[in-house]
Amino acid sequence: MDRTGYRERTSSVPGAVVWTSAPAGVDTGPVLPDGCLDLLWRSDTERLLVAGPDTRPQSPDEPGEAGAGACWTGLRFAPGHAPAVLGVPADVLRDRRVDLADLWDAARVRRLTALVAASATPGTLLEAVAGTEPAREESLRHAVRALAAGRPVARVAADLDVSERTLHRRSLAAFGYSPQLLARVLRFRRALTVLRAGAAPVRVAADLGFTDQAHLTREVRRFAGTTPGALQLGSGANRSTAPPSGSSTVA
1 MDRTGYRERT SSVPGAVVWT SAPAGVDTGP VLPDGCLDLL WRSDTERLLV AGPDTRPQSP
61 DEPGEAGAGA CWTGLRFAPG HAPAVLGVPA DVLRDRRVDL ADLWDAARVR RLTALVAASA
121 TPGTLLEAVA GTEPAREESL RHAVRALAAG RPVARVAADL DVSERTLHRR SLAAFGYSPQ
181 LLARVLRFRR ALTVLRAGAA PVRVAADLGF TDQAHLTREV RRFAGTTPGA LQLGSGANRS
241 TAPPSGSSTV A
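Start counting the sequence shown at 1; every next residue gets the next number (the UniProt record's numbering).
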């Protein structure tokens, strides 16, 4: 386990990753928006939860509970995949952490909880659950790739041969965001990666299509609650992700 107690691996579920996080005596910082949903296992309380798509920084541990620095295992879905697995639209879960039993039949969740609690590899069981559900539509993959590349929303809708209103509705259900907000979150994640790699904010702003450095700063404050400079200097500056969600996965 590394200094931050965080590890991840590529999942057998297309586009997903399995990650683990354990206390490591350091502040891992908040979870930052990434356009993804996570199926979570919290070992100390033996609970299965779902982390919805975020629009603001979130605490790594659940508000109001003891046990900061709890041990987690998560399956982080690629954007647009989780609603088919969970059976609920993504916007219902936006900025929320909910018990899986609130979404699925309680008896089913009890059986799964017992299996995960008894397993030495809980991430594998989470993958097995997701692997039984339908894959996301190819149109969703295209939308994510196009928006991540900075393609205008109107152009993405035209590519998919749908109206902007239809794209908006589908985007909310699949990603939890409007297409415009999804594009902003994905660009923020790209900015986060290069800022943490040491790139100057002025260069990041120019390279990623922000109006200027002030625009980059506003977006970082919106999604990270801090400044570009603070992201580079923070204790998590060399991490690509923070539990229980926050990946650079986009497709």
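Just so it is clear, CB atoms sit at the ideal spot from N, CA and C, and this is done for glycine as well. Just so it is clear, the structure is predicted and the values come from calculations on it, not from any experiment.
Residue i versus the options, residue with shortest Cα-Cα distance
{"i": "Gly209", "options": "Val13, Leu147 and Asp91", "result": "Leu147"}
{"i": "Leu39", "options": "Pro57, Ala90 and Gly5", "result": "Ala90"}
{"i": "Phe77", "options": "Glu219, Arg151, Thr217 and Val18", "result": "Val18"}
{"i": "Thr20", "options": "Thr124, Asp99, Pro53 and Leu32", "result": "Thr124"}
{"i": "Val31", "options": "Val88, Ala200 and Ser59", "result": "Ser59"}
{"i": "Leu140", "options": "Ala118, Ala117 and Ser178", "result": "Ser178"}
{"i": "Gly52", "options": "Gly229, Val98 and Ala154", "result": "Val98"}
{"i": "Pro14", "options": "Gly80, Phe188 and Asp102", "result": "Gly80"}
{"i": "Arg94", "options": "Leu37, Thr10 and Val85", "result": "Leu37"}
{"i": "Tyr6", "options": "Ser12, Cys71, Pro33 and Arg196", "result": "Cys71"}
{"i": "Arg189", "options": "Thr10, Pro228, Arg47 and Gly131", "result": "Pro228"}
{"i": "Ser12", "options": "Arg222, Gly131, Ala173 and Leu186", "result": "Gly131"}
{"i": "Leu172", "options": "Val153, Ala101, Pro33 and Val92", "result": "Val92"}
Straight-line Cα distance separating residue j from residue i
{"i": "Ala16", "j": "Ala214", "result": "33 angstroms"}
{"i": "Glu8", "j": "Val156", "result": "31 angstroms"}
{"i": "Ala22", "j": "Pro57", "result": "20 angstroms"}
{"i": "Pro63", "j": "Arg151", "result": "The predicted position of Pro63 is uncertain, since its pLDDT is 46 and thus under 50; no value can be drawn from it."}
{"i": "Leu126", "j": "Asp212", "result": "42 angstroms"}
{"i": "Ala191", "j": "Val202", "result": "11 angstroms"}
{"i": "Val88", "j": "Pro122", "result": "23 angstroms"}
{"i": "Leu49", "j": "Ala224", "result": "23 angstroms"}
{"i": "Ala66", "j": "Thr45", "result": "With a pLDDT of 43 at Ala66, under the threshold of 50, the modelled position of that residue is not reliable, and the figure given next carries that caveat. Their Cα atoms are separated by approximately 10 angstroms."}
{"i": "Ser163", "j": "Ala117", "result": "46 angstroms"}
{"i": "Ala242", "j": "His142", "result": "Confidence is the limiting factor: at Ala242 the pLDDT is only 39, short of 50, which leaves the residue's position unreliable and the question unanswerable from this model."}
{"i": "Leu181", "j": "Ala205", "result": "18 angstroms"}
{"i": "Val220", "j": "Ser43", "result": "32 angstroms"}
{"i": "Trp104", "j": "Asp54", "result": "21 angstroms"}
{"i": "Arg218", "j": "Ala199", "result": "17 angstroms"}
{"i": "Leu233", "j": "Val194", "result": "13 angstroms"}
{"i": "Asp161", "j": "Arg47", "result": "42 angstroms"}
{"i": "Thr10", "j": "Arg165", "result": "34 angstroms"}
Opposing strand residues paired with residue i [DSSP bridges]
{"i": "Gln58", "result": "Val31"}
{"i": "Glu8", "result": "Trp19"}
{"i": "Gly74", "result": "Trp19 and Leu40"}
{"i": "Val98", "result": "Val50"}
Span of the alpha helix (DSSP H) around residue i
{"i": "Ala158", "result": "Val153 to Asp159"}
{"i": "Arg47", "result": "No alpha helix (DSSP H) holds Arg47; the beta strand (DSSP E) holding it covers Arg47 to Ala51."}
{"i": "Asp207", "result": "Pro201 to Asp207"}
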